[in-house]
Amino acid sequence: MIIIKHLNYWIDQQKVLEEVSLSVSPCSVTTIVGPSGSGKSSFLSAINGLYKLIPQTRVSGQIFLNADQSYNLLDSPNHTVMHYQTIGTIFQQANPFPLSIYKNLDLPLKEHGYPKQDRPGIIEQTLRDVGLWAEVAHRLNSSALCLSGGQQQRLCIARALVLQPKILLMDEPCSALDPIAAFGIEQLILKLKKDYTLVVVTHNLAQARRIADYVGFFWSHQGCGRLIEFSPAAQLFEYPQHELTKKFLNY
Amino acid sequence: MVSNQKRAVSRQQDFKNKVFTALIFSLTGLLLLVILWIFGQILIRGLGTISWEFLISNPLNSGRAGGIASILQTTAWVLLIAVTVTVPLGLATSLWLSEFKSVRLGAWVSKAIYILAGVPSIVYGLFGNTFFCLYLQLGYSILAGGLTLAAMILPYFIHTCLLGFNLVDNQWRLGAQALGLSKITFIVQILLPQAAPAVAAGLILSIGRATAETAALLFTSGFVDKTPESWLDSGRTLSVHIYDLALNITGGESGAYGTALVLIVLLFMINSLAHQLVVSKRNNRMDGMNG
Numbered sequence: 026m027i028i029i030k031h032l033n034y035w036i037d038q039q040k041v042l043e044e045v046s047l048s049v050s051p052c053s054v055t056t057i058v059g060p061s062g063s064g065k066s067s068f069l070s071a072i073n074g075l076y077k078l079i080p081q082t083r084v085s086g087q088i089f090l091n092a093d094q095s096y097n098l099l100d101s102p103n104h105t106v107m108h109y110q111t112i113g114t115i116f117q118q119a120n121p122f123p124l125s126i127y128k129n130l131d132l133p134l135k136e137h138g139y140p141k142q143d144r145p146g147i148i149e150q151t152l153r154d155v156g157l158w159a160e161v162a163h164r165l166n167s168s169a170l171c172l173s174g175g176q177q178q179r180l181c182i183a184r185a186l187v188l189q190p191k192i193l194l195m196d197e198p199c200s201a202l203d204p205i206a207a208f209g210i211e212q213l214i215l216k217l218k219k220d221y222t223l224v225v226v227t228h229n230l231a232q233a234r235r236i237a238d239y240v241g242f243f244w245s246h247q248g249c250g251r252l253i254e255f256s257p258a259a260q261l262f263e264y265p266q267h268e269l270t271k272k273f274l275n276y
Numbered sequence: 031m032v033s034n035q036k037r038a039v040s041r042q043q044d045f046k047n048k049v050f051t052a053l054i055f056s057l058t059g060l061l062l063l064v065i066l067w068i069f070g071q072i073l074i075r076g077l078g079t080i081s082w083e084f085l086i087s088n089p090l091n092s093g094r095a096g097g098i099a100s101i102l103q104t105t106a107w108v109l110l111i112a113v114t115v116t117v118p119l120g121l122a123t124s125l126w127l128s129e130f131k132s133v134r135l136g137a138w139v140s141k142a143i144y145i146l147a148g149v150p151s152i153v154y155g156l157f158g159n160t161f162f163c164l165y166l167q168l169g170y171s172i173l174a175g176g177l178t179l180a181a182m183i184l185p186y187f188i189h190t191c192l193l194g195f196n197l198v199d200n201q202w203r204l205g206a207q208a209l210g211l212s213k214i215t216f217i218v219q220i221l222l223p224q225a226a227p228a229v230a231a232g233l234i235l236s237i238g239r240a241t242a243e244t245a246a247l248l249f250t251s252g253f254v255d256k257t258p259e260s261w262l263d264s265g266r267t268l269s270v271h272i273y274d275l276a277l278n279i280t281g282g283e284s285g286a287y288g289t290a291l292v293l294i295v296l297l298f299m300i301n302s303l304a305h306q307l308v309v310s311k312r313n314n315r316m317d318g319m320n321g
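As they're listed, the protein sequences go chains D and U.
With our numbering as the guide, the letters of the first sequence map in order to residues 26 to 276.
With our numbering as the guide, the letters of the second sequence map in order to residues 31 to 321.
Quick look at the structure:
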């Protein structure tokens with residue numbers, strides 16, 4: 026689970042997220058919807074710590090990954106590296122490394138000290154989990170860049186999964202894919218929620234309807250993103266509480 | 031009415047296009063002619079001097095006769111020293127600038143590198159003379175010359191390395207970070223292999239510059255045209271040899287042209303190697319995208 030309290034996020038002096046608080050339930054899909062520039066991606070980068078790579082960025086607030094709320098992620102000096110095993114991230118643009126399919130998955134395992142004899146088994150199982158094994162089993166040593174867009178994205182999901190995280194953050198994982206490949210990723214998301222906690226940013230409302238258990242709706246006011254409404258998907262889509270949500274759903 | 035006006039405008043544009051095309055073609059042609067004339071002169075005057083004998087025998091009578099064996103040897107030594115110093119220092123600096131820097135210090139270092147890249151080589155020569163020859167007491171030596179050349183090509187090499195690193199997709203950086211990969215792993219496994227052709231091309235072009243350098247070596251490695259016995263001996267590189275034969279030695283002209291031809295062939299080979307590397311990299315990239 027993820028518990029977020031009073032999250033604020035600045036780039037330079039500009040506040041891009043203000044007072045976001047919400048709890049993500051384990052083993053569910055929480056989608057974050059909203060227009061461009063409403064701070065959806067910034068929200069993810071606060072959770073996985075990648076905001077530290079962006080110069081002049083600052084966050085405040087609390088992020089906990091346990092119910093006992095004992096350890097604030099934002100207090101950790103080495104946020105990203107420490108939590109690689111808890112949080113996996115999938116990006117909008119599939120970004121397999123310019124290595125072979127096998128090495129893409131082997132590299133993180135090796136880096137984090139998984140014993141050599143265990144790695145082939147983990148890799149095969151993970152590729153089966155994302156439905157890629159049948160397509161790549163015979164060419165594990167060819168370049169990952171030769172895969173199609175949808176396959177690349179599934180490989181990236183597999184690459185995050187080999188480290189056995191509990192949480193998967195996905196930043197518009199389907200927006201660069203054709204509808205068929207996007208459908209494949211959506212099916213995979215629905216399958217993965219049995220074992221993982223997923224937070225999926227999307228600007229595709231139809232997609233959110235198909236996959237979401239919970240929906241957070243972000244809206245930007247003068248360049249600063251706020252969480253307007255957060256509720257179970259059925260409730261938000263059928264009975265939106267806030268005027269802005271109603272307006273957005275009707276676009 | 032309107033269509034007539036349109037036609038007039040398009041005719042005018044047509045005319046402008048033709049004039050500009052003609053202008054560009056003739057200027058390019060002029061430039062090509064000048065280059066061809068220079069090459070032609072060197073080829074015609076130098077070809078007579080060049081022979082296997084010329085390449086393997088030492089200069090005699092201050093270079094009026096004999097060959098350039100010792101000169102080639104000195105050139106190789108000086109370049110070897112320059113490259114040995116430049117590669118680790120340059121790679122380390124460019125990696126730091128690309129992957130580790132603090133924003134403010136990084137900006138200062140980049141600025142310094144840009145300025146240094148524009149400093150005339152004679153200034154490097156003076157610096158090398160003061161610092162390496164006098165202060166570090168290396169005297170006129172191959173070592174001092176090589177180090178001076180290293181100082182001269184470092185900013186250029188760093189700049190090309192940085193260009194190569196910047197071309198490496200930032201998405202990989204994010205991906206590596208999200209997987210908790212260390213910077214070292216990212217650099218060794220992804221950044222350097224991807225940027226290797228650019229780094230190699232940068233190095234080769236830097237070597238090209240160093241090979242063609244005269245001014246920075248006049249006061250550092252000196253003029254002695256004998257075969258060097260150690261890196262603390264003074265020695266004369268190809269371009270210094272040409273300079274000396276052309277300006278100071280009466281009757282040294284044919285030797286100068288012969289040496290110039292050798293130098294130009296060397297530079298041509300170096301540059302086409304660099305070009306090959308850059309092109310092959312571009313093709314690889316395309317393959318990756320299409321595949």
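We put the CB at the ideal spot given by N, CA and C, even for glycine.
Inter-residue distance for P150/U and G76/U is about 29 Å (C-alpha atoms, whole angstroms). For Q189/D, no beta strand (DSSP E) run applies, since DSSP gives it neither H nor E. For P198/D, no beta strand (DSSP E) run applies, since DSSP gives it neither H nor E. The Cβ atoms of A246/U and T178/U lie closer than 8 Å to each other. Between S140/U and I183/U, the C-beta gap is not smaller than 8 Å, which leaves the two residues out of contact. L209/U carries a coil assignment under DSSP once its states are collapsed to helix, strand and coil.
Sixteen is the threshold: when 16 or more other Cβ atoms of the shown chains lie within 10 Å of the Cβ of R184/D, as they do, the residue is buried.
Residues of the stretch 188 to 221 of chain U that bring their beta carbon within less than 8 Å of a beta carbon in chain D comprise D199, Q201, W202, R203, L204, G205, A206, Q207, A208, L209, G210, L211, S212, T215, Q219, I220, in sequence order. For F116/D, the secondary structure class from DSSP, reduced to helix, strand or coil, is coil.
Taking 8 Å as the threshold, the shortest C-beta distance from R184/D to chain U falls below it.
In this structure, G59/D places its C-beta atom within 8 Å of the C-beta atom of F243/D. At a cut-off of 8 Å, the C-beta of H137/D has a neighbouring C-beta in chain U. The straight-line gap separating the alpha-carbon atoms of T105/U and L135/U is approximately 36 Å. A direct Cα-Cα distance of roughly 5 Å separates F116/D from D196/D. About 6 Å separates the Cβ atoms of I192/D and I27/D, confirming a contact at the 8 Å cut-off.
DSSP lists F243/D as the bridge partner or partners of L252/D. Listed by position along chain U, the residues whose Cβ is nearer than 9 Å to that of L132/D are A206, L209, L211, T215, Q219, I220. The beta-carbon of Q150/D is placed no less than 8 Å from the nearest beta-carbon of chain U.
Nearest CB-CB separation between T111/D and chain U: not below the 8 Å threshold.
Against chain U, a Cβ distance below 8 Å from Q118/D picks out Q201. Only those residues of the stretch 152 to 179 of chain U whose C-beta falls short of 8 Å from the nearest C-beta of chain D would be listed, and there are none.
The beta carbon of Q224/U sits closer than 8 Å to some beta carbon of chain D. Counting only runs that start and end inside the stretch 227 to 288 of chain U, the alpha helix (DSSP H) elements of at least 4 residues fall at 245 to 248, 268 to 277. Its Cα nearest to that of I36/D, the residue G62/D stands out among S50/D, G62/D, K30/D. Interface with chain U (8 Å Cβ-Cβ cutoff): N73/D is included. As the crow flies, the alpha-carbon of L57/U is around 15 Å from that of W67/U.
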